[in-house]
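*Asks:* Read in order, the letters of the sequence shown correspond to residues 1 to 556 in the UniProt record's numbering.
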Amino acid sequence: MTSADDEDAIDDHHQFLTPSSDLLSPKTDNGVISPHITLTINNNDNDSADTEDISYVIQPLPTTLTSSTMTTTTTLNTPQLHTYLNLSAASSESSLVQPLLKEKHETLPIYTSPNNSEDERTASSSSSTTSSTSSNTSLIPNCRSYMTLYFTDMLISAFFITPFVNIHWRGAWDLLDIHLLPDYPRTSALISLGIGYFMLYMIYLTQGCLQRFYEKHRHNILGQIMTRLYTLLLALAYINQWRGLWNLLDLTSNEWYHLVGETGICIIFLLLMKSIYNLNSAPFLIGVDTESYFLLDSKYTVTTNNFLQHTFDFFYYEFVEAPLLIITWRGLYNLSDSYICPENRQLSMIVSFASGYLLYFLLALIQIPVVRCLIKQRHHFLHSIVSNLFHLIAFISVVQIWRSLWIICEQYLNITGYHNTTLWLCYGVAFVVLTCGLAACSLNGPGGSKDSYIDEGPILLFKFDYFSTLLKQQHTDNTIPSQTSSQSGLILWIVTRVLRRKEIKRRNTLLSQSRRSSMRQSSHLKVTKDGSLSSDISSTETIITAERLYRFEPPV
1 MTSADDEDAI DDHHQFLTPS SDLLSPKTDN GVISPHITLT INNNDNDSAD
51 TEDISYVIQP LPTTLTSSTM TTTTTLNTPQ LHTYLNLSAA SSESSLVQPL
101 LKEKHETLPI YTSPNNSEDE RTASSSSSTT SSTSSNTSLI PNCRSYMTLY
151 FTDMLISAFF ITPFVNIHWR GAWDLLDIHL LPDYPRTSAL ISLGIGYFML
201 YMIYLTQGCL QRFYEKHRHN ILGQIMTRLY TLLLALAYIN QWRGLWNLLD
251 LTSNEWYHLV GETGICIIFL LLMKSIYNLN SAPFLIGVDT ESYFLLDSKY
301 TVTTNNFLQH TFDFFYYEFV EAPLLIITWR GLYNLSDSYI CPENRQLSMI
351 VSFASGYLLY FLLALIQIPV VRCLIKQRHH FLHSIVSNLF HLIAFISVVQ
401 IWRSLWIICE QYLNITGYHN TTLWLCYGVA FVVLTCGLAA CSLNGPGGSK
451 DSYIDEGPIL LFKFDYFSTL LKQQHTDNTI PSQTSSQSGL ILWIVTRVLR
501 RKEIKRRNTL LSQSRRSSMR QSSHLKVTKD GSLSSDISST ETIITAERLY
551 RFEPPV
């Protein structure tokens, strides 16, 4: 391998959708999904780059040496459930649709034990001989499964999580307007801003202690109450911060040229800081409740001292980045109020609702082919331009969606004569619903994810991986004894039940088709009585287990 090839291999490893691999894509035998994948590795191959690419999924197993070819063949037992849910450290949404981002899809042979019944060996042999002709059709159910989860996540984020996040923010915001010195708007805004900054700084400094305390008590009711209370307080801190700075800006000029200038300058700074991604919020960016409740990302590591590092993160995110986000949001929001049917509030709401969700679905649908093109081009500069453009368009979409939902809450979500009670209900019910749905982390709002996202390579640009993250969490609860299944909740139990039933039904259908195909082809195959299949695979050691595919266990 030349030095140029080495550089290409290194670039591919660091820039393109790792650590998932095409080797871990679910396969089928005549349409029947096998519970395990057999990988055949030639250990005499001198190309070390290929073996390194899959070294993280390969464990040494007993091998069989074939004297005729002097090559070692290893059969690996790889449960496809790990691939389907992408249980690696990569972004679950980007890996979820990785088979859709690849142009080529390799088909690996799948072998069974020589000790199986004659019918099973016949079916296995028939599938092996016809694997080349069925490679295209084997990908169809796989893509269908990926796209089903992708579209479901898209709809859940748009019409379930986003409205409740907006309702919660509107309830808290208006309650502060009513009860926090309503006759002194400037003082009220300053107090709100101070409360927000104080709460956030305490959260930054105590995140390590809170996480360690939670690790000790997550199996009992104290840990569960702690996580929910923390989520509520963190969301309240962000609402106070945004309300305080937003209302202070409202006391200044609201002329269109001032709004355009402020918005444009802030966008330029965010682009230079590579923080344009944080302009997004639900539905493009959602949070799913996980085990790391209290840990916040650090975009830049400046010291090993926790206190100094957390203080730096606080000042960078909350005093530098957050004001730029708020000014940008306020500029576009007020421009929309001024120029989108200002005399007809209802029509203005409809226009914002339609345009916002139209852009959302358009961007969510075209990001997969766009990322595929970026993978082909392999130009980092081109990827940065395209991703920044997508995030800016998504920002316009998010503002219009939030504006329309806010107007809907003001005009239609109000109990006559009980305005204050309505706001408390909005604030509390939205929090309870999202908590039960394991999406309360989305309440942090724009910029609240503290994601250390950097455009280093083509990945999916928008993170609304709701079900895929929940399924990954469910697998962790079932396989790691130290994890607690209480995090999964009722919503995940329902999801796993539905997915299991759908998968069983589809698997039974494919199994029936496979049996009919095997019966037609059995007359063309000869199987010896001693259990050997054929000369080309007789030296291959195989492993068989009784595990089932897509084995989702409901939480206890």
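The beta-carbon is built from N, C-alpha and C at its ideal position, and this holds for glycine as well.
Considering only the beta carbon of each residue, do S404 and F353 sit closer than 8 Å?
*Replies:* Yes, the Cβ-Cβ distance between S404 and F353 is below 8 Å.
*Asks:* Cα separation between P182 and S188?
*Replies:* One C-alpha to the other measures close to 7 Å.
*Asks:* Considering N280, what are the terminal residues of the alpha helix (DSSP H) in which it resides?
*Replies:* Run containing N280: none; DSSP gives neither H nor E here.
*Asks:* My guess is that V288 and A172 are in contact by the Cβ rule of under 8 Å, so how many angstroms apart are they, rounded?
*Replies:* No, V288 and A172 are not in contact; Cβ-Cβ is about 21 Å, not under 8 Å.
*Asks:* Leaving out five residues on either side along the sequence, give the residues of the same chain with a beta carbon under 6 Å from the beta carbon of I327.
*Replies:* So the list reads E262 and C266, once near-sequence residues are dropped.
*Asks:* Which word fits C426, buried or exposed, when buried means at least 16 other C-beta atoms lie within 10 angstroms of its C-beta?
*Replies:* The residue is buried, with at least 16 neighbouring Cβ atoms inside 10 Å.
*Asks:* Ends of the alpha helix (DSSP H) at E410?
*Replies:* Where E410 is concerned, the enclosing alpha helix (DSSP H) stretches over H380 to Y412.
*Asks:* Please report whether the beta-carbon of L308 lies at a distance below 8 Å from any beta-carbon of chain D.
*Replies:* Going by chain labels, chain D is absent from the structure shown, which holds only one protein chain.
*Asks:* CA-CA distance, A430 and S442?
*Replies:* Distance between the alpha carbons of A430 and S442: 11 Å.
*Asks:* Would you mind reading off the limits of the alpha helix (DSSP H) that contains V260?
*Replies:* Note, V260: alpha helix (DSSP H), W256 to L272.
*Asks:* What residue range is occupied by the uninterrupted alpha helix (DSSP H) comprising R345?
*Replies:* Looking at the DSSP string, the run of the alpha helix (DSSP H) that includes R345 is R345 to Q377.
*Asks:* Check L285 in the structure and name its three-state DSSP category.
*Replies:* L285 falls in the strand class under three-state DSSP.
*Asks:* In angstroms with no decimal places, state the Cα-to-Cα distance between S338 and L229.
*Replies:* So the two alpha carbons sit approximately 38 Å from each other.
*Asks:* Tell me, please, whether the stretch 197-216 touches the stretch 151-171 by the rule of three or more beta-carbon pairs shorter than 8 Å.
*Replies:* These segments do not touch.
*Asks:* Return helix, strand or coil for K472, following the three-state DSSP convention.
*Replies:* In the structure shown, K472 sits in a helix (DSSP, three-state: H, G or I).
*Asks:* When you compare only the Cα positions, how much space is there between Q241 and Y197?
*Replies:* Q241 and Y197: Cα-Cα distance of roughly 7 Å.
*Asks:* Beta carbon of M199, beta carbon of L176: below 8 Å?
*Replies:* Taking 8 Å as the Cβ cut-off, M199 and L176 do not qualify as a contacting pair.
*Asks:* How many whole angstroms separate the CB atoms of F294 and Y214, which I take to be in contact at a CB cut-off of 8 Å?
*Replies:* With a Cβ gap of about 6 Å, F294 and Y214 count as contacting.
*Asks:* Taking all protein chains shown into account, decide if R212 is buried (16 or more other Cβ within 10 angstroms of its Cβ) or exposed.
*Replies:* Classification of R212: exposed, given that the 10 Å Cβ count is below 16.
*Asks:* Sort S355, K299, R501 and R218 by Cα distance to Y277 and report the nearest one.
*Replies:* Here the closest residue by C-alpha is K299.
*Asks:* Give the straight-line distance between the Cα atoms of I385 and L325, rounded to the nearest whole angstrom.
*Replies:* When rounded, the distance between both Cα atoms is 20 Å.
*Asks:* Over what stretch of residues does the alpha helix (DSSP H) that includes S336 continue unbroken?
*Replies:* Looking at the DSSP string, the run of the alpha helix (DSSP H) that includes S336 is A322 to Y339.
*Asks:* Taking the alpha helix (DSSP H) that Y317 belongs to, which residues open and close that run?
*Replies:* Segment: none, Y317 is in no alpha helix (DSSP H) and carries neither H nor E.
*Asks:* Alpha carbon to alpha carbon, how far is G437 from L470?
*Replies:* C-alpha separation (whole angstroms): 10 Å.
*Asks:* Start and end of the alpha helix (DSSP H) containing G448?
*Replies:* No alpha helix (DSSP H) contains G448, which DSSP labels as neither H nor E.
*Asks:* In the DSSP output, what is K463 paired with across the bridge?
*Replies:* Paired residue(s): L285.
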